[in-house]
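Notes follow once the structure below has been shown.
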């Protein structure tokens, strides 16, 4: 976890210009890791090359119930 | 002398049409009520007394001349301080926009004006619509009219508190993770988060473009249907506003509900929900059964997966829109508001895009699975009894306990922002402390009329929505 916190702190500084305390970097590493893991897992089960974000609006329209 | 504030919105509008009351009299009644309740609730950020009375006089002259603008002619409303009016300050509940003057008028405000509404002012809210409790370090916490020591829920805190305390006849709020439904449930009013795209977001302060929904908070379902009717529909200024025809929600309120099928989660779906909430929902189920509604067990998907996708989208979109201010004046944010956005700078763009792409799959699975064979889903709005402001004050008393409570607020609301499905919260009982409990009805895309019909039938048979704080 210390490695991930260090990576997050470095990324925040290098890519976004944000300076994080070690404690805050550790919190964010845990949060980002959890969210990334959840989305990656769900994506692996469901997504394919042709999935387009705009399909969502079309789905709502197609499923409309008056 | 009549206390006109005891009328609900549709009754007040009818009284104006019939000439039983003037718009000025209604506005003065609301102003008197605000004078009495504002010190206890802090629901208003700005009260536009003179402008509201001037508008009310204009509406009375119009009525006298035989001209009614629409279904809200002369009815006093007020809205969360995030719906822009060109030339007027719109704070978004923030220090950063404390003096910001809007450069456009929100489509919803344009439509309410066209329907004849009187705008009394702007209502308290969580800073930048980012907080589930009603705390606000810049404008003061909004307090629950049933018990000022307890939270209102957020982020549309002032909207729910002002409607519950009968200061106004209705209000607009916004909902990105439950921000209409949670305060509606906690304050004992009706709150509708419509289908994504049902209501234009143009001129509404964004929290996360992909998940933001605008909707009404009112005392009754019938009032809610009227407000949604006025604000819903396509908008050339908002490409995400749907072109689906807007049904006549009020005309459909009395549709028979006998024979409708409502889904209820199998036991595991309600694990960890407080006993008071479970009991109130069970009673609502018995009340609806007497109306001929049937119930079937359904299996909820893993709500955590929906929650995490929504969180990913909110954090990334919020980080992008707030970046200039976060860089230039981070000290002007409440800590918890800033902290909640920071992860958005560190989530890879690919994960954000995948969360958006997953939305279609999650929604399709929910419609084809959980909603298969039923007309709507019955859920709690909040999973627990209303906590105090002190025990949830993460800004002044940060700690694991407060954070743990906050993390549970939107368990049953946030997933439906990702799915974009319509969801209606209405009061169904009280907890052990006397605070309201809300039930939530979730429907298929654009099936707001079905939710209203069920809610209206329920309110004809019960009186939870008629109870007001004293």
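Residue numbers (our numbering), protein chains in the order written: chain R, 31 to 96; chain A, 6 to 475. Beta carbons: idealized from backbone N, C-alpha and C, even for Gly.
Identity of the residue in the options nearest residue i by Cα
i                      : options                       : result
residue 311 of chain A : A/360, A/442 and A/334        : A/360
residue 451 of chain A : A/250, A/437 and A/276        : A/250
residue 128 of chain A : A/198, A/99, A/118 and A/154  : A/99
residue 428 of chain A : A/385, A/407, A/469 and A/392 : A/385
residue 80 of chain R  : A/223, A/362 and A/211        : A/362
residue 17 of chain A  : A/121, A/66 and A/48          : A/121
residue 476 of chain A : A/474, A/119, A/79 and A/447  : Because chain A in this structure spans residues 6 to 475, residue 476 of chain A falls outside the shown range and cannot be described.
residue 336 of chain A : A/143, A/39 and A/45          : A/143
residue 140 of chain A : A/36, A/402, A/426 and A/237  : A/402
residue 243 of chain A : A/209, A/276 and A/193        : A/209
residue 271 of chain A : A/365, A/191 and A/305        : A/305
residue 162 of chain A : A/173, A/172 and A/191        : A/191
residue 445 of chain A : A/71, A/199, A/119 and A/14   : A/199
residue 439 of chain A : A/11, A/92, A/193 and A/35    : A/193
residue 45 of chain A  : A/55, A/95, A/150 and A/89    : A/150
residue 374 of chain A : A/313, A/434 and A/268        : A/268
Bridge partners - residue i, DSSP secondary structure assignment
i                      : result
residue 198 of chain A : A/428
residue 73 of chain R  : None, per the DSSP bridge assignment.
residue 302 of chain A : A/269
residue 88 of chain A  : A/209
residue 385 of chain A : A/444
residue 106 of chain A : A/94
residue 218 of chain A : A/180
residue 480 of chain A : Since the first residue shown for chain A is 6 and the last is 475, residue 480 of chain A is missing from the structure and cannot be characterised.
residue 82 of chain A  : A/124
residue 24 of chain A  : Residue 24 of chain A is not bridged to any residue.
residue 175 of chain A : A/223
residue 149 of chain A : A/152
residue 393 of chain A : A/155
residue 17 of chain A  : Bridge partners of residue 17 of chain A: none, in fact.
residue 230 of chain A : Partner(s): none; residue 230 of chain A has no beta bridge.
residue 434 of chain A : A/442
residue 204 of chain A : A/237
Cutoff 8 Å; reference residue i; Cβ partners in own chain excluding five residues on either side
i                      : result
residue 182 of chain A : 137, 216, 315, 319, 415, 418, 419 and 422
residue 284 of chain A : 434
Residues that residue i contacts on chain R, provided the C-beta gap is smaller than 7 Å
i                      : result
residue 201 of chain A : 90
residue 313 of chain A : 65, 68 and 69
residue 350 of chain A : 42, 46 and 48
residue 316 of chain A : 65
residue 449 of chain A : 93 and 95
residue 369 of chain A : 89
residue 310 of chain A : 68 and 72
residue 372 of chain A : 93
residue 425 of chain A : 90
Burial state of residue i (16 or more Cβ within 10 Å)
i                      : result
residue 253 of chain A : exposed
residue 229 of chain A : buried
residue 458 of chain A : buried
residue 232 of chain A : buried
residue 324 of chain A : buried
residue 45 of chain R  : exposed
residue 114 of chain A : buried
residue 301 of chain A : exposed
residue 294 of chain A : exposed
residue 52 of chain A  : buried
residue 60 of chain A  : buried
residue 276 of chain A : exposed
residue 382 of chain A : buried
residue 404 of chain A : exposed
residue 40 of chain R  : exposed
residue 32 of chain A  : buried
Contact set for residue i: own chain, Cβ-Cβ below 7 Å, skip 5 residues either direction
i                      : result
residue 321 of chain A : 349, 352 and 357
residue 281 of chain A : 390, 436, 437 and 442
residue 189 of chain A : 165, 195, 196, 222, 430 and 443
residue 64 of chain A  : 28, 78, 79, 121 and 123
residue 486 of chain A : An answer regarding residue 486 of chain A cannot be provided, because it is not within the stretch 6 to 475 covered by chain A.
residue 326 of chain A : 211
Chain-order list of residues whose beta-carbon lies under 6 Å from that of residue i (same chain, five-residue window excluded)
i                      : result
residue 160 of chain A : 130, 131, 134, 136 and 184
residue 460 of chain A : 226, 429 and 431
residue 453 of chain A : 199 and 427
residue 34 of chain R  : 59
residue 56 of chain R  : 35
Partners in chain A for residue i, counting only beta-carbon separations shorter than 8 Å
i                     : result
residue 47 of chain R : 332
residue 83 of chain R : 358, 361, 362, 364 and 365
residue 35 of chain R : Ordered by position in chain A, no residue passes the 8 Å Cβ test against residue 35 of chain R, which lies about 11 Å from the chain.
Neighbouring residues, chain R, relative to residue i (Cβ below 9 Å)
i                      : result
residue 144 of chain A : Here the premise fails: no neighbours, minimum Cβ distance about 27 Å.
Listed by chain order, chain A residues near residue i by CB distance under 7 Å
i                     : result
residue 73 of chain R : 359 and 363
residue 53 of chain R : The premise fails here: residue 53 of chain R is roughly 12 Å from chain A at the closest Cβ pair, so nothing lies under 7 Å.
9 Å Cβ cut-off: residues of chain A touching residue i
i                     : result
residue 56 of chain R : Correct list: empty, because the minimum Cβ distance to chain A is about 13 Å.
> For the segment 223-254 of chain A, which residues have a beta carbon sitting closer than 9 Å to at least one beta carbon of chain C?
Replying inline: As a matter of chain content, chain C is missing from the structure shown, whose protein chains are R and A.
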